[in-house]
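Visitor: Mind looking over this structure? Questions follow.
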Amino acid sequence: MPKADAPALQQGLFRFADDLGPEKILHVTEPGLGLHGILVVDNVAAGPSIGGCRIAPDVSVDECFRLARAMTLKNAAAGLPHGGGKSVIFGDPAMPDAEKERYIRAFARAIGDIRDYIIGPDMGTNEACMAWARDEIGRSVGLPREIGGIPLDEIGATGFGLAAAAEVAQEFCDVTLEGARVAVQGYGSVGRHAARFLAEKGAILVAASDSGGTIVNQAGLDLDALDALKRSGKSIVELKRGQKGDREAIIDVASDIWIPAARPDVIRADNVARLDTKLVLQGANIPVTAEAEQALHARGILSVPDFIANAGGVICAAVEYAGGTQTAAFQTIEEKLRINTREVLDAARESSISPREAAVAMAERRVRAAMSYRRAM
Ligand code: NAD
Numbered sequence: 014m015p016k017a018d019a020p021a022l023q024q025g026l027f028r029f030a031d032d033l034g035p036e037k038i039l040h041v042t043e044p045g046l047g048l049h050g051i052l053v054v055d056n057v058a059a060g061p062s063i064g065g066c067r068i069a070p071d072v073s074v075d076e077c078f079r080l081a082r083a084m085t086l087k088n089a090a091a092g093l094p095h096g097g098g099k100s101v102i103f104g105d106p107a108m109p110d111a112e113k114e115r116y117i118r119a120f121a122r123a124i125g126d127i128r129d130y131i132i133g134p135d136m137g138t139n140e141a142c143m144a145w146a147r148d149e150i151g152r153s154v155g156l157p158r159e160i161g162g163i164p165l166d167e168i169g170a171t172g173f174g175l176a177a178a179a180e181v182a183q184e185f186c187d188v189t190l191e192g193a194r195v196a197v198q199g200y201g202s203v204g205r206h207a208a209r210f211l212a213e214k215g216a217i218l219v220a221a222s223d224s225g226g227t228i229v230n231q232a233g234l235d236l237d238a239l240d241a242l243k244r245s246g247k248s249i250v251e252l253k254r255g256q257k258g259d260r261e262a263i264i265d266v267a268s269d270i271w272i273p274a275a276r277p278d279v280i281r282a283d284n285v286a287r288l289d290t291k292l293v294l295q296g297a298n299i300p301v302t303a304e305a306e307q308a309l310h311a312r313g314i315l316s317v318p319d320f321i322a323n324a325g326g327v328i329c330a331a332v333e334y335a336g337g338t339q340t341a342a343f344q345t346i347e348e349k350l351r352i353n354t355r356e357v358l359d360a361a362r363e364s365s366i367s368p369r370e371a372a373v374a375m376a377e378r379r380v381r382a383a384m385s386y387r388r389a390m
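Take the sequence shown: its letters are residues 14 to 390, numbered as in our numbering.
Dropping the structure here:
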């Protein structure tokens, strides 16, 4: 199993700390099991934090903290009664289920007393993982349907929200969803549902990638065939029709809407100039670096920030936690995504700032308002 990056662990602790958080950072190790994990609870002014648990070989405290902060902003922007947190477990996300269950159960027991963190699914974890966590500590979100959950990845809550954000964003850039060419980096839970919901609005998926590479077809990729490949555990590059490339090739494909839906920092100062698109809809968390975000703004490419565009999943989780139904979840996602996307893009336009600057200002205002209601001592 890959070891945690020691310098990152040391440097990362307080590197980004500010008046909003983090509230606590917990390292979890179980030497007998080979388990190493991190939990960052960033800010709980609005209520117990909700944030996903990621299994990945290459995360750090820095990244976990940045993801936790993104959850603080996302939950505040969405007006949820929850703060932001995030957890990571070092390991191969494709490890056998039995090993994953041991990891998740041990990690859940270790964080059981941190009651202001509610664990949810993220890359490498799913509804079954959340059921194991709830079995251990009595709380989690993103549960299987059989035990009262609204399976957010199965129903495509985040992809649905991205499509709702796109519908509003098209009014702010030179894109019409009918006939829009879409490229999706990371054809997983978020990416494939975004493609499907956008297709329902008339858009065409012209390129997609996963960890195995990129597949391009300007006439449109067959979504059912892509889903069938993913279901059978294969890479989408095995699709029969389409030009194949390595996984970086997706960055160069001409599109109207480009959706990062895989890893953080995939668009950076060194590759942002390669993007040939009009609208970036951030499905992944922190997929665009601050420099790249500014470069997109300077080039007139509209970029809807992650914690606005991809809030569908956590809104669904919050509805589930509050005992709501799937129908209520979809309605809430649609309403919140539309209102917030418009508010952010209006503010950005009025003040001639980037959508990210407008979104951060809006979310921080809401976090500080929540903090003002807490006892000061
Ligand atoms: P997933 O594991 O279901 O899918 C990820 C996909 O990305 C897989 O197809 C994988 O092969 C691919 N991938 C991995 N590395 C890649 C690379 N370097 N290049 C291209 N493709 C690559 O994960 P997911 O749940 O869809 O989450 C994707 C991203 O969206 C993550 O950043 C996650 O934090 C974020 N997110 C997820 C949700 C949700 O509801 N699941 C909500 C908000 C944000």
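Glycine included, each C-beta is placed from N, C-alpha and C at the ideal position. These numbers come from a predicted model, not from an experiment.
What does GLN198 pair with, by DSSP beta-bridge criteria?
Guide: GLN198 is bridged to SER222, PRO273.
Visitor: How would you call THR338, buried or exposed, if buried means at least 16 neighbouring beta carbons within 10 angstroms?
Guide: Under this definition THR338 is an exposed residue.
Visitor: On the premise that LEU294 lies in contact with ALA178, defined as a C-beta separation below 8 Å, what is that separation, rounded to the nearest angstrom?
Guide: 6 Å
Visitor: Under 7 Å Cβ to Cβ from ALA341, same chain only, skipping five residues before and after it: list those, please.
Guide: VAL332
Visitor: Let me check understanding here. Comparing Cα to Cα, which of ARG381, CYS142, ARG387 lies closest to ASP32?
Guide: ARG381
Visitor: Using DSSP bridges, identify the partner residues of ALA134.
Guide: According to the sequence as given, residue 134 is Pro; it is not Ala. Answer is CYS66.
Visitor: State the beta-bridge partners of LEU405 as determined by DSSP.
Guide: Residue 405 lies beyond the range of the chain shown here (14 to 390); nothing can be said about it.
Visitor: Could you check what DSSP says for ILE404 in three-state terms: helix, strand or coil?
Guide: Given a span of 14 to 390 for the chain in the structure shown, any question on residue 404 remains unanswerable.
Visitor: Quick check on LYS257 - is its C-beta less than 9 Å from some C-beta in chain B?
Guide: The displayed structure is made up of one protein chain only, and chain B is not part of it.
Visitor: Using the Cα positions of ARG379 and SER385, report the straight-line distance between them to the nearest angstrom.
Guide: 10 Å
Visitor: Return the first residue and the last residue of the beta strand (DSSP E) that ARG357 is part of.
Guide: The amino acid at residue 357 is misidentified as Arg; the sequence shows Val. It is not in any beta strand (DSSP E) - VAL357 instead sits in the alpha helix (DSSP H) that spans 339-364.
Visitor: When the Cα atoms are used, what is the spatial distance from ALA372 to ASP71?
Guide: 28 Å
Visitor: Cα separation between PHE29 and ALA286?
Guide: 28 Å
Visitor: If I measure Cβ to Cβ from GLY226 and keep anything under 7 Å in the same chain, skipping five residues before and after, which residues do I get?
Guide: SER248, VAL250, LYS257, GLY258, ASP259, ARG260
Visitor: By DSSP, does LEU48 sit in helix, in strand, or in coil?
Guide: strand
Visitor: Return helix, strand or coil for ILE328, following the three-state DSSP convention.
Guide: helix
Visitor: Can you look up LYS99 in the DSSP assignment and give me helix, strand or coil?
Guide: strand
Visitor: How big is the Cα-Cα spacing for GLU356 and GLY325?
Guide: 17 Å
Visitor: Tell whether a beta-carbon distance below 9 Å holds between ASP2 and GLU36.
Guide: Here the chain comprises residues numbered 14 to 390, so residue 2 is not present and cannot be evaluated.
Visitor: If we call anything under 9 Å between Cβ atoms a contact, is GLY97 one with LEU86?
Guide: Contact flag set, yes.
Visitor: Rounded to a whole number of angstroms, what is the C-alpha to C-alpha distance between MET136 and CYS66?
Guide: Whole-angstrom Cα-Cα distance: 8 Å.
Visitor: With DSSP collapsed to three states, give me the class of ILE217.
Guide: strand
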